[in-house]
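So for the sequence shown, our numbering puts the first residue at 32; every next one is plus one. Heads up, the beta-carbon is just placed ideally off N, CA and C, and yes, glycines get one too. Source: prediction; values computed, not measured.
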Amino acid sequence: MTAQIIDGKAFAAILRTRIAAEVGRMAEKGITPGLAVVLVGEDPASQVYVRSKGRMTKEVGMASFEHKLPVETAQDDLLALIATLNADPAVNGILVQLPLPDHMDEAAVINAITPEKDVDGFHILNVGRLATGQKAMVPCTPLGCLMLLRDHLGSLAGKNAVVIGRSNIVGKPMAQLLLRDSATVTVAHSRTADLPAVCRQADIIVAAVGRAKFVQGDWVKPGATVIDVGINRTEDGLVGDVDQASVAQVAGAFTPVPGGVGPMTIACLLANTLTATARSNGLPDPEGLTP
Ligand code: NAD
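As structure tokens, this is what we get:
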């Protein structure tokens, strides 16, 4: 069997076109969605992410506000900037690029963002809202994975899903979203016993581990759908958490790296900014952009 490739890059391009059209409709009402991105320090990967977020924000017709602060910035100064952005009506979404420098308390900084502008969905209130089935801002990467899964499989109800990784950014919110869609969810992690056997039960595997080519073909049930969240920079270039060569022989479908989940993350950030803008203006949620 040769697996189907789930083209996240193409899906994300379609999503951005739809978002741009919605931004156009908002412009007729005199509304311009605005996204503020805050970068502290000069981490090279973060700089690349922030640049492409700014570019794509402008491409869909939104306003982009970039704030670059030196690595030695005091936490109080960052909190003061967040307070200013919270109060700014031109800013509908605020994203503080992680990781923050070691002298900062990441949770305190994230929880200082107004939950309604928390387009990363990391604020404790949004985490709680997602967990309890309330209207939340949902983390971008798991939201993108969910969109790809629904598009490929239709209903996820009753499917066995194994999420590998339990981070707050990917693994845990992914598990919440799959539960919400009535999948039977197992969250595996570094202490899981016999991970290959756990994975072999899965109709859906979401790998968010941070280890290059970790998931092997013989861990995969024939026909299963495999979503690869991993981004690992190796001597062979960018590779995911899934061993594409062996998994492609067994799976029904998989997301490639690059060109799978990565482009969906930024598209979902724009989707969340649009949703936040609609909500703050008393408009209904844009269709198909929320879980
Ligand atoms: P993390 O380091 O916070 O979490 C990794 C998780 O993997 C942990 O919960 C850990 O328990 C689990 N793990 C580690 N070793 C394991 C093992 N041997 N067996 C089973 N589980 C194991 O990472 P993260 O932030 O969740 O990111 C995971 C990966 O996804 C990274 O490669 C990251 O770069 C990537 N990522 C991609 C995007 C995207 O847009 N595509 C977004 C976020 C993260």
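Any non-hydrogen atom of ligand 1 within 7 Å of residue i CB
i	result
K177	According to the sequence provided, residue 177 is Leu. The question's Lys does not apply to it. Not under cutoff, so the answer is no.
N303	no
A77	According to the sequence provided, residue 77 is Ser. The question's Ala does not apply to it. Outside the cutoff, so no.
D133	no
A298	no
H220	yes
A239	yes
V201	yes
R231	no
R82	no
V260	yes
T223	yes
V292	yes
D272	yes
I195	yes
L161	no
R264	no
T172	yes
R242	yes
Q226	Checking the displayed sequence, the identity of residue 226 turns out to be Leu instead of Gln. Answer for L226: yes, Cβ within range of ligand 1.
Where residue i falls, given that 16 or more other Cβ within 10 Å makes a residue buried
i	result
T286	buried
G293	buried
I144	buried
K60	exposed
Q275	buried
Own chain, CB closer than 8 Å to residue i, minus 5 neighbours either side, in chain order
i	result
T296	C171, T172 and G175
L210	V216
H134	Q106
E53	L305 and P317
R231	W250, V251 and K252
Chain-order list of residues whose beta-carbon lies under 6 Å from that of residue i (same chain, five-residue window excluded)
i	result
G355	No statement about residue 355 is possible, as the shown extent of the chain runs from 32 to 322 and does not include it.
A243	N263, T265 and V270
F96	A67
K40	G290 and P294
G124	L66, K148, V150, T304 and A307
P146	H154, L156 and N157
Q280	G248
E137	L131
CB of residue i within 8 Å of CB of residue j, strictly
i	j	result
V218	A228	no
D259	D272	yes
G65	M93	yes
A192	I155	no
S277	Q247	yes
A307	V201	no
Q128	V194	no
A298	A34	no
L131	V122	no
I50	V91	yes
L100	V71	yes
L27	A302	No answer is possible for residue 27: it lies beyond the span of the chain, which begins at 32 and ends at 322.
L300	L116	no
Nearest-angstrom beta carbon gap, residue j and residue i [assumed within contact, 8 Å]
i	j	result
P322	L187	No, P322 and L187 are not in contact; Cβ-Cβ is about 11 Å, not under 8 Å.
A255	F245	The pair is not a contact, with the Cβ atoms about 16 Å apart (cut-off 8 Å).
Q241	G261	Looking at the sequence itself, residue 241 is Gly, so the reference to Gln does not match. The Cβ separation is near 6 Å, so the contact holds.
K190	A162	Wrong, their Cβ atoms sit about 20 Å apart, outside the cutoff.
Cutoff 8 Å: residue i Cβ touching any chain D Cβ
i	result
G283	The chain inventory of the structure shown lacks chain D, comprising one protein chain alone.
Same chain, Cβ closer than 7 Å to residue i, neighbours up to 5 away in sequence not counted
i	result
S198	A239
S183	According to the sequence as given, residue 183 is His; it is not Ser. Result list for H183: I37, T256 and A284, in chain order.
I62	T308 and N312
R82	none
Residue i Cβ short of 7 Å to ligand 2 heavy atom set
i	result
I37	Ligand 2 is not among the ligands present in this structure, which contains only ligand 1.
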